[in-house]
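Below is one structure; the comments refer to it alone.
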Amino acid sequence: SRLQAAPVPPSRERDSAKLSIRSRGPLAAMSFAKQLVVDCRGHLLGRLSSIIAKELLNGQQVVLVRAEDVNMSGSLYRAKLKYANFKRKKTNSNPRHGPFHQRAPSKILWRTIRGMVPHKTARGAAALDRLKCYEGIPHPFDRKKRMVIPAALKVLRIRPERKFCKLGDLSSLFGWKHSALIERLEGQRKVKSEAFHKKKVSSTRAKSAAVKKVKVSAEDQKILESAGFA
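Per my numbering, numbering through the sequence shown is continuous, rising by one, with the last residue being 775.
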């Protein structure tokens, strides 16, 4: 036939061998959850953002909830000065061209992560599409298992006497108007969550007590042991 495979140069053979060796490493065995829901409460802004940015670029879908409870090292006064300095930056000829100064905690968190992703490339834009940020914990995610990231937790990363502030407090100072609403909705969610937890604990205890009370005959015990359930 006319179509024949071109001979592979020896240098390219060596490169392909290196690639196959690398692909058998830990990266090849990486597995992804369908969607990671991260509870941002008590996490440091920069450390959380860098870890999430890497996960997004690796292909993981991430949902960040309770963005208003993200912590920042340094006092609120210091954070206020930094944000005021950022607010001064604008396009001189037409400020509507940007940069845009987000006020909501979820948008500030999103923009921080965007700065750690090559968002002007197709790969970076696709990574940002995998990210969702919310204040509070809205409906589908209040019933899902939420994760924390130990490498970004304030209590594990900065000394206890150091000053810190919350992202929600900074947002409120610069025009975010929904802190009271989020607080009310979170109060309602916590009441429901506590009731669900009590119900789950009582049902688990009742089930374990019922299993202990059950008496199995010798014949049934042999069948269970043969099946590997004993």
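For every residue, glycine included, the Cβ atom is placed at its ideal position computed from N, Cα and C.
With fewer than 16 neighbouring CB atoms inside 10 Å of its own CB, Lys-665 falls in the exposed class. The residue from Ser-716, His-646, Arg-688, Ser-638 with its alpha-carbon nearest to that of His-742 is Arg-688.
The beta carbons of Asp-765 and Val-693 sit about 44 angstroms from each other, so the pair does not count as a contact at 8 angstroms. Taking C-beta atoms as the reference points, Asn-616 and Cys-710 count as a pair closer than 9 angstroms.
The three-state reading of DSSP puts Phe-709 in strand, counting E and B together. DSSP places Ser-638 outside both helix and strand once states are collapsed to three, so it counts as coil. Per DSSP, reduced to three states, the secondary structure at Ser-620 is coil, with no helix or strand assignment. The residue from His-646, Ser-717, Lys-625 with its alpha-carbon nearest to that of Lys-635 is His-646. The beta carbons of Arg-691 and Val-610 sit about 7 angstroms from each other, so the pair counts as a contact at 8 angstroms. One alpha carbon belongs to Asn-639, the other to Glu-680, and they sit about 31 angstroms apart.
The criterion of a C-beta distance shorter than 9 angstroms is not satisfied by Ala-578 and Leu-712.
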